[in-house]
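Peer 1: Just dropping this structure here.
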Amino acid sequence: MKKKLLFTVFICLLIILLDVPAGILGLKAEEAEKKAPHLNLWVVECNKPSHDAFVLGSAAMILVLVAHVFASFSNCCRPSSHMPIKILLGLTWMDFIIAMLLLLVGTWSNNHTRSTCGFSHHRVMEYGGYFAFAHGGLAVVYVVASSLASAHSRT
């Protein structure tokens, strides 16, 4: 029982230590993107890509991905029969997908070597950072609930 508790606390700390920096990197990537020169023409925007935003966005995506892997496999791939835990797992997956898509779109828009014009992607990486923070919270709640349910089902 003590080993399971220590494992759960370790996984929760690991998720927090990955998702919080991912969220911060997403916000910093948005700041770096705003510093790059750009020209707005209604909904069309011409901008010069920011290498810093690309690097920060890529790092944020990697951290969210690693945190999600730890959260998903924390229960050792044993499916839970409890509906609230299934809902938490689904919410964690949805949050992960949204965070990754937002960070991917923002990072991809800074992956060019020359200026490009297209629809503006304002605040995409900022929202991706916010979803990374939310992913950390949801993943910790999922890991704790899953651990409690598996401990309860064994007794």
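Its first residue numbered 1085, the sequence shown is counted upward by one per residue in this note's numbering. Think of the CB as a built atom: it goes at the ideal place given N, C-alpha and C, for glycine as much as any other residue.
(1) If you measure between the beta carbons of HIS1196 and PRO1133, is that distance less than 8 Å?
(2) Assess contact between the stretch 1131-1145 and the stretch 1186-1194, defined as three or more Cβ pairs (one per stretch) separated by less than 8 Å. Is contact present?
(3) Given this structure, state the Cα-to-Cα distance separating ILE1169 from VAL1228, to the nearest angstrom.
(4) Can you check DSSP and say which residues form a bridge with GLY1213?
(5) Let me know if VAL1224 comes out buried or exposed under the rule of 16 or more other beta-carbons within 10 Å of its beta-carbon.
(6) In whole angstroms, what is the alpha-carbon distance linking HIS1236 and TYR1211?
(7) Output the distance between the C-alpha atoms of HIS1219 and MET1167, rounded to the nearest integer angstrom.
(8) Figure out for me which residue from VAL1189, VAL1128, ILE1100 has the closest Cα to the Cα of ALA1113.
Peer 2: Straight from the coordinates:
(1) At a Cβ-Cβ threshold of 8 Å, HIS1196 and PRO1133 count as neighbours.
(2) A contact exists between the stretch 1131-1145 and the stretch 1186-1194.
(3) Those two C-alpha atoms are separated by around 10 Å.
(4) Bridge pairing for GLY1213: absent [DSSP].
(5) Buried: at least 16 other Cβ atoms inside 10 Å.
(6) Rounded to whole angstroms, the gap between the alpha carbons of HIS1236 and TYR1211 is 37 Å.
(7) Cα to Cα, the separation comes out at about 20 Å.
(8) Ranked by Cα distance from ALA1113, the first of VAL1189, VAL1128, ILE1100 is VAL1189.
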